[in-house]
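Under my numbering, the letters of the sequence shown match residues 1265 to 1581, in that order.
Each residue gets a CB set at the ideal place from its N, CA and C atoms; glycine is no exception.
Note that the structure is a prediction, hence the values are computed from the model and not measured.
Have a look at the structure below before the remarks.
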Amino acid sequence: MDFNLLLSKISEQYTKKLPFVVFSLPESKILNTFLQKDMQLHAVEKLTENGFVFAPFNFKDPSFFIPENNSESLHCELNESNIELVPVTVSKDAKEKNGYIKLIDKTVEAIKKRKASKIVISRKKDIELKEFSIEKLTKRLFSAYPTAFRYIWYHPNTGLWCGATPETLVQIEDNSFKTMALAGTRLFTNREPVHWGPKELDEQQLVTDSIIDSLQRVTSVLKVSSPYTHQAGSLLHLRTDITGVLKNGKATLTTIVAALHPTPAVCGSPQKFAKEFILENERYDREFYTGFLGPVLEKGQSSSLIVNLRCMKIEGN
């Protein structure tokens, strides 16, 4: 399909307030699109149907799905645009800042008391958009971040979300799987080589060990790479690849997702305490931020699910 025709179809779908998702895998110029044929909101518990899943940080809240069999499925090659990234000025709120500092102090205190080894806290930022266009968003997002998983998701009940995220939750092909431990962050400066300090290496090992521990009960084989530097846009991370084989008859896409989500990189360790701490103290609803998303194929036998890490929700115009 022609790229401009796809943009027109996405714009028409959005104007009619009909659900859709458009996404592209890392390093791919192919845009994949599901245009749902009605406004039904599909909740999903088991990942056994072909389509696209969109799940929240708190897995106890509903996860949603655009089913392939109720959608027009379209594919086209991206017409890349030259994108100039312009810095955005984010307004500063002293009250919000002070509240966040108090939360950091409370988090550090919990770690000092050995209630957790890691807790990942966050805050939201509101930025006013000017002259918003779904077509312009699609052109810019998919051209600007080619190494990331890029997506735009819309349903009138969930709102419009988009992102470019570097972290794989899990990739599955039959009974083989691949995931990653991602930790440590610094700006890309084009200097070589990159040297990581003890704090970053320790954090990376903590995340890796936590993921391995979560996978023990659903895997029969585990292989772990050495950590290496991974570039995601203008940032660098430490990354460790974890691959293996799922236990026959005991592991499905649903069970491995339940074991991994939320990952230590976006929640903390131990997972249960860190998650409860975040839900109780963070002072805003993450919704789908640090949830997961991605295409489900072959009734869950083939899938690429991604952590919804660098994302935003667009409200109004």
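In this structure, DSSP gives D1369 a helical state, which the three-state scheme calls helix. Taking a 10 Å sphere around the C-beta of H1459, we find fewer than 16 other C-beta atoms and assign the residue as exposed. The residue from P1559, I1570, G1564 with its alpha-carbon nearest to that of Y1553 is I1570. CA-CA distance, G1580 to W1425, rounds to 12 Å. The C-beta distance from S1407 to S1498 rounds to 15 Å, too long to meet the 8 Å contact threshold. Annotation: the continuous alpha helix (DSSP H) that includes I1274 extends over 1267 to 1279.
With 16 or more other CB atoms across the displayed protein chains lying within 10 angstroms of its CB, E1467 is buried. The C-alpha of A1529 is placed about 18 Å away from the C-alpha of D1549. Sorting L1349, E1313, W1417 by C-alpha distance to the C-alpha of E1332 places E1313 at the top. At least 8 Å separates the beta-carbon of I1365 from that of I1385. Within a 10 Å sphere around the beta-carbon of Y1415 sit 16 or more other beta-carbons, which makes this residue buried. Rounded to whole angstroms, the gap between the alpha carbons of L1289 and A1380 is 34 Å. For L1349, the secondary structure class from DSSP, reduced to helix, strand or coil, is coil.
Taking the Cα of S1440 as reference, the smallest distance to any Cα among A1496, N1343, T1507 is reached at T1507. Taking the Cα positions, Q1495 is about 20 Å away from P1462. Contact between Q1435 and S1568 holds: their C-beta atoms lie close to 5 Å from each other, under 8 Å. Beta bridge pairing from DSSP links M1576 with C1426. Apart from the 5 residues on each side of it in sequence, R1574 sits with its Cβ closer than 7 Å to the Cβ of G1427, A1428, T1429 in its chain, given in chain order. The alpha-carbon separation between T1472 and E1437 amounts to approximately 22 Å. In its chain, beyond the 5 residues on either side, F1284, L1299 have a beta carbon closer than 7 Å to the beta carbon of Q1277. Measuring C-alpha to C-alpha distances from R1503 to each of I1274, K1577, L1446, Q1565 identifies L1446 as the nearest. A direct Cα-Cα distance of roughly 46 Å separates K1563 from K1356.
Here DSSP, grouped into helix, strand and coil, assigns N1322 to coil. The beta carbon of G1532 sits closer than 7 Å to those of A1380, K1382, I1383, V1384, A1538, all from its chain and outside the five residues before and after it, given in chain order. For L1338, the beta-bridge partners assigned by DSSP are T1297.
Inter-residue distance for I1274 and S1490 is about 42 Å (C-alpha atoms, whole angstroms). Here I1398 has I1274, S1275, Y1278 as same chain residues with Cβ atoms under 7 Å from its own Cβ, once five neighbours each way along the sequence are excluded.
Setting aside the 5 residues that flank it on each side, L1342 is surrounded in the same chain by K1293, L1295, F1406, each with a C-beta closer than 6 Å to its C-beta; the list follows chain order.
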